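Colleague: Pasting in a structure now, in C-alpha cells, and then I'll have a few things to ask.
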Ligand SMILES: [Zn+2]
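Put into C-alpha cells, the structure is as follows:
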C-alpha cells in the first residue's frame with residue numbers, strides 16, 4: 158500500500174497539471190470562442206436525383222473544394238439525395254441542371270473520336286464556328302488547370318509521323334496517381350478497344366474536356382463529380398502504347414488543343430527561368 162500511495166499522488170499531480178494546461182488552453186483561446194462569429198452568408202440547396210457537387214459548383218460558381226469544406230464532405234461523391242448542401246456566399250437558391258449521362262451513341266461517337274488518329278481540321282474560314290473559336294471565352298484568362306502528373310514530356314502535341322498527336326505523352330512509372338486537371342464530371346471511364354486503352358474522360362466548364370489515356374487502373378466512375386487534383390486512375394500502358402506513360406489531352410468543343418500553353422510552368426521551367434535571371 159505504501160508503495161501504491163506515492164503512485165496515486167503522482168497520477169493526481171499529473172492529472173492536476175493536465176487540468177491546468179487544459180484550463181490555460183481555453184483561457185488563451187477564449188477570444189476565438191467568445192467572439193461572436195458572423196453568421197455565414199449562404200443558402201441550402203436540396204440534393205435531388207442527378208444533382209452532383211460538380212453541377213452545383215457550376216450553377217453557383219463555387220469550387221468543389223469550397224463546397225466540400227463548407228459541408229465537411231470526405232469526397233465529391235459523398236452527396237446523397239435528400240441532403241441539403243450549404244452554398245457559401247450564395248444569396249438565393251439557383252436552379253441546377255442534373256447530370257445527364259451520355260447516350261450510347263454519344264459514347265460510341267466519343268470513343269470513335271479517340272481513334273480518329275488526328276484532330277479534326279479547323280473550321281472553314283468565315284464560318285460561325287471559326288469566329289467563335291478565334292476568341293474562345295477563356296482566351297486571355299488564366300485557366301484553373303493543373304498537371305495530372307509530374308513528368309517529362311516524351312511526345313508533344315502536333316504532327317507525329319503520318320498523323321497528328323492530339324495530346325502530350327508524360328513519362329511516368331506505372332501506377333503513378335493520375336489527377337483530375339480541373340473540377341469536372343466523369344463522362345467516360347472504361348477499358349476501350351481504342352488505342353487509348355483504359356481511359357477516363359472528364360467534362361469541364363466552358364466546353365472543355367480532358368482525357369487520360371493508357372491507364373492501368375481506373376478509379377473514377379462515370380457520372381461522378383471530381384475535384385481538381387482528385388485521383389482518377391493510375392498510369393499504365395494499356396492500348397497502343399510502348400511503355401508506361403500518360404497520354405493527356407485537352408479538348409475544347411471536342412477539338413484537341415496543345416495543353417502546354419494552358420498548363421502552369423513546370424518546376425524545371427521555373428528553375429530554368431530563375432537561373433537565367
Ligand atoms: Zn499520346
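In our numbering, the protein residues as written are 158 to 434.
The beta carbon of each residue, even a glycine, is placed where N, CA and C say it ideally should be.
Keep in mind it's a predicted model, so treat the numbers as computed, not measured.
Spatial neighbours of residue 420 within its chain, please: CB distance less than 7 angstroms, with the 5 preceding and 5 following residues excluded, ordered by chain position.
Modeller: Cβ neighbours of residue 420 beyond the five flanking positions: 302, 304.
Colleague: Ignoring anything shorter than 3 residues, give me the beta strand (DSSP E) runs that lie fully in the segment 348-401, in order along the chain.
Modeller: Counting whole runs of 3 or more residues, the segment 348-401 contains the beta strand (DSSP E) stretches 355-360, 365-372, 388-391.
Colleague: Suppose contacts are defined by Cβ-Cβ distances below 8 angstroms. Is residue 354 in contact with residue 328 by that definition?
Modeller: Cβ distance not < 8 angstroms, so residue 354 and residue 328 don't count as in contact.
Colleague: Confirm the yes/no value for this check: CB of residue 400, any heavy atom of ligand 1, distance under 7 angstroms.
Modeller: Answer for residue 400: no, Cβ out of range of ligand 1.
Colleague: Would you mind working out which of 238, 415, 340 sits nearest residue 205, comparing C-alpha positions?
Modeller: Comparing Cα positions, the closest option is 238.
Colleague: Using the C-alpha atoms, what's the distance from residue 300 back to residue 232?
Modeller: So the two alpha carbons sit approximately 23 angstroms from each other.
Colleague: Would you mind giving the Cβ-Cβ distance between residue 250 and residue 212, rounded to the nearest angstrom? I have them listed as a contact below 8 angstroms.
Modeller: Wrong, their Cβ atoms sit about 14 angstroms apart, outside the cutoff.
Colleague: I need the boundaries of the alpha helix (DSSP H) containing residue 430, first residue and last residue.
Modeller: Taken as a continuous stretch (DSSP letters only), the alpha helix (DSSP H) holding residue 430 covers 424-433.
Colleague: Do you know offhand how far residue 244's Cα is from residue 318's?
Modeller: Going from the Cα of residue 244 to the Cα of residue 318 covers about 50 angstroms.
Colleague: Can you give me the Cβ contacts of residue 361 inside the same chain, cut-off strictly under 6 angstroms, excluding the 5 residues immediately before and after it?
Modeller: Once the five neighbours on either side are set aside, the close Cβ partners of residue 361 are 339, 341.
Colleague: Sort out for me which residues DSSP pairs residue 405 with in a bridge.
Modeller: According to DSSP, residue 405 bridges with 325, 369.
Colleague: Hey, would you say the C-beta of residue 324 is under 7 angstroms away from at least one heavy atom of ligand 1?
Modeller: It does: the Cβ of residue 324 is within 7 angstroms (strictly closer) of some heavy atom of ligand 1.
Colleague: Can you tell me whether residue 342 is helix, strand or coil according to DSSP?
Modeller: DSSP places residue 342 in strand when its eight states are reduced to three.
Colleague: Which same chain residues end up closer than 7 angstroms to residue 176 when comparing Cβ atoms and leaving out the 5 residues on each side of it in sequence?
Modeller: Result list for residue 176: empty, nothing under 7 angstroms.
Colleague: Any idea what DSSP makes of residue 263, helix, strand or coil?
Modeller: It is helical.
Colleague: Could you tell me if the beta carbon of residue 404 falls within a distance shorter than 7 angstroms of some heavy atom in ligand 2?
Modeller: Although ligand 2 was asked about, the structure shown includes only ligand 1 as ligands.
Colleague: Answer yes or no: do residue 331 and residue 393 have a C-beta to C-beta separation smaller than 8 angstroms?
Modeller: In contact: residue 331 and residue 393 (Cβ atoms closer than 8 angstroms).
Colleague: Compare the C-alpha of residue 411 against each of 263, 173, 255 and name the closest.
Modeller: Selected option, being the one with the closest Cα: 263.
Colleague: Report the three-state DSSP secondary structure of residue 256 (helix, strand or coil).
Modeller: Three-state DSSP puts residue 256 in coil, outside helix and strand.
Colleague: Going by DSSP, what residues sit across from residue 217 in a beta bridge?
Modeller: DSSP, once it has assigned bridges, lists no residue as partnering residue 217.
Colleague: Taking only three categories from DSSP, how would you classify residue 336?
Modeller: Residue 336 falls in the strand class under three-state DSSP.
Colleague: Whole angstroms is fine: what's the gap from residue 199's alpha carbon to residue 242's?
Modeller: Going by the C-alpha atoms only, they are around 10 angstroms apart.
Colleague: From what residue to what residue does the beta strand (DSSP E) around residue 244 run?
Modeller: From DSSP, the beta strand (DSSP E) with residue 244 extends over 241-245.
Colleague: Sort 396, 395, 398, 378 by Cα distance to residue 389 and report the nearest one.
Modeller: Here the closest residue by C-alpha is 378.
Colleague: Given a threshold of 16 other Cβ atoms within 10 Å of its Cβ, counted over all protein chains shown, does residue 234 qualify as buried or as exposed?
Modeller: Buried is the call here.
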